[in-house]
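Mind the numbering: the sequence shown is residues 1077 to 1603 in my numbering, read in order. Just so you know, even glycine gets a beta-carbon here, dropped at the ideal spot from N, CA and C.
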Amino acid sequence: MTVRVAVDFGTSSTCVVTSVNGREPQVVVIDGLPLMSSAVYAAADGTLFVGQEAERQAAVDPSRYEPNPKRRIDEGELLLGDTVLRVTDVVHAVLGRVVAEARRIAGDAEVDLLVLTHPADWGAIRTRLLRQAAGRLANEVALVPEPVAAAVYHAATFAPVSQSDDRTVEFSGRPGEALAVLDLGGGTVDVSVVQRLPEASHDRTGRPRGGFQVLATRGDPSFGGADIDQALLEHIGSLVSATDPDAWRQLVEGRELTDRRRRRVLRQDVRGAKETLSRHTYTDVPMPPPFADAHVTREDLERLITAPLGRAVELTSAAIAEAGLRPKQLTAIFLVGGSSRIPMISRLVHERTGVVPTSLDQPETVVARGALRAVLVDPDRTGALPGSSIARLGRGEDARGERTEVVRPGEWPREGRSESEGRPELRPRPGGRPPSGPIPVPPPPARSAYGAQPPSVANPLPGGAAPALGKGPGGAAAPGGGHGGPGSAPGGGSGSAGSALGGGHGGAGSALGGGLGGAGSALGGGH
């Protein structure tokens, strides 16, 4: 049995796709959803909970909760509660959970090939850390840039068609043609211009290739579906808080367990309202006593997000210009990611570029589905492009026909230091096997709740200090234990269950910690 798995590890959610014996790749459903939250919770006994389980545990102790591990990949170490963990161990827990779910479909068979996606602008250090986090989950690991994966999926989905004057044709994937990929996820906005390489081109080994290359990329790491949730929540607060300002403050800032649980339910209802507004012009959000239910409209939502979505469109235009192209020279603009479901984004892109953007059903799963197609070797079974290097790729090649660094069990990476980079580097581990057993962190060792043990954890920081300060809503460094990416709120801890004054960390300006665009969000559940 041959098992191949692709994982789109996103800022707020993760998607996994599997193919058994060369059959059509299928999205793996986790907890009833096509996406799993990327959140991690480090319990006091060392167990690492992932996904919805982590979100539920966050109500107990927000300081042990990390909603967006991908945003922290540059930090090396994370302080969750009183435990210091390597960021690669935290990412390993997320990847291990989704790979375990994929293996369950295949009768717990070993994974022969694990394909991981990453932003197009990630350099060698970040991609090396991603490989390190996945090093022992499969016999072989390969990486594919996210826009390349999206382009492969769209090109494999749409049949070749002739161009027409209205520029609404689908991408045919012919050599030399270019397209833009606008990825609106739960935590970031990424735009890339991708071009299909001609068959006449060759890789550095002299072999012909016909894959895709990234011509230009732009991004905004401070805006995503989580921030849309936050904007809608603040709007609802403006509607209902006048009833009892103290009760509203307690709801969004309270530190008691009851307050955190009520806040979690409210976040879920706000997310559901956002999804409803993608299909209907209005909805009502149930509110806890003493507040009346809130009535919100699509017009309200669009007014709140016009400016940030406008910036996403500006990034699209900038990426096209950086690639040396005009919008009319593109074959298509593809929309991927959960937030691309917002009707307004298609309208804004069309108004600015003159190109009607194209989207598919379940846009939040497109990158994962395309990643597996990009490296599978049988185009007749996978839908990869026949005759292209994508269809002919052997193990260890990326979607452009280049060799990739492959991590095998006998080469389990360990952390070292490079004088030039000052970052961890991969080295073979003597004995050819990854470490096993509990993690030697006093008190209790950290371990995954899903069976696989992460490798060793680095020593705690001197004096137990937090690795970094977050940023509050005003952009200033925040005191206390907050140590997240942009938008981290002041206070103690890193959990989305924390409020604006209680220590959340996540998307820019997120008063509830940026964990609002979780799995399954029609507008913000993608990454």
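State yes or no: is the C-beta of residue i within less than 7 Å of the C-beta of residue j?
i, j, result
"A1209", "V1079", "no"
"L1406", "S1435", "no"
"V1316", "A1370", "yes"
"S1393", "L1260", "no"
"A1082", "V1093", "yes"
"L1380", "A1323", "no"
"E1151", "V1160", "no"
"V1104", "E1177", "yes"
"E1222", "L1189", "no"
"T1359", "A1349", "yes"
"A1135", "Y1141", "no"
"P1101", "L1448", "yes"
"A1196", "V1265", "no"
"D1604", "V1346", "This structure gives no information on residue 1604, because the portion of the chain shown stretches from 1077 to 1603."
"I1149", "L1109", "no"
"G1446", "V1175", "no"
"T1441", "P1403", "no"
"L1385", "L1424", "yes"
"D1320", "P1362", "no"
"M1077", "A1226", "no"
"T1087", "R1147", "yes"
In terms of residues, what are the limits of the alpha helix (DSSP H) holding residue i?
i, result
"Q1344", "1333-1352"
"G1386", "1374-1398"
"L1315", "1301-1316"
"Q1405", "Neither: Q1405 is in no alpha helix (DSSP H) and is coded neither H nor E."
"R1445", "1442-1451"
"V1425", "1419-1429"
Can you name the residues that DSSP bridges to residue i?
i, result
"V1083", "V1092, L1192"
"A1118", "L1124"
"Y1358", "T1373"
"L1411", "L1258"
"I1106", "L1109"
"A1292", "V1269"
"T1434", "F1410"
Hey, could you find the ends of the beta strand (DSSP E) residue i is sitting in?
i, result
"R1162", "1159-1162"
"L1260", "1254-1260"
"R1207", "That residue, R1207, is in no beta strand (DSSP E); its alpha helix (DSSP H) goes 1200-1209."
"P1321", "Run containing P1321: none in the beta strand (DSSP E); it sits in the alpha helix (DSSP H), 1321-1329."
"V1217", "1217-1221"
Suppose the cutoff is 6 Å on Cβ atoms and the five residues either side in sequence are ignored; what does the same chain contact list for residue i look like?
i, result
"S1422", "P1433"
"D1084", "C1091, T1193, V1443, A1444"
"P1364", "R1338"
"G1127", "M1112, S1113"
"G1470", "Legend: pLDDT at G1470 = 35, less than 50; position of this residue unreliable, value from coordinates given subsequently. Around G1470: no qualifying Cβ."
"E1398", "A1292"
"R1387", "none"
"S1314", "none"
"V1167", "P1145, A1209"
"A1130", "A1115, V1116, Y1117"
"E1378", "M1420"
"L1044", "The requested residue 1044 is not part of the displayed model; the chain covers only 1077 to 1603."
"D1137", "none"
"S1238", "The pLDDT assigned to S1238 is 42, lower than 50, so where the model puts this residue is not dependable; a value taken from the coordinates is nonetheless given after this. Cβ neighbours of S1238 beyond the five flanking positions: none."
"V1389", "L1424, V1425, R1428"
Leaving out five residues on either side along the sequence, give the residues of the same chain with a beta carbon under 7 Å from the beta carbon of residue i.
i, result
"Q1326", "D1335"
"T1164", "L1205, Q1208, A1209"
Closer than 8 Å by C-beta to residue i: which residues in its own chain qualify, once you throw out the five before and the five after it? Chain order, please.
i, result
"A1395", "A1256, V1267, S1268, V1269, A1292, T1293, R1294"
"S1240", "Below a pLDDT of 50, predicted positions are generally treated as unreliable, and S1240, at 43, falls in that range; the measurement from the model is reported next regardless. Cβ neighbours of S1240 beyond the five flanking positions: none."
"V1341", "P1364"
"P1439", "L1411, V1412, G1413, G1414, S1416, R1417, G1602"
"V1187", "V1079, R1080, V1081, V1175, A1178, R1179, L1213, A1214, N1215"
Legend entry - beta strand (DSSP E) runs wholly inside the stretch 1122-1170, at least 3 long, in chain order: 1123-1126, 1153-1156, 1159-1162
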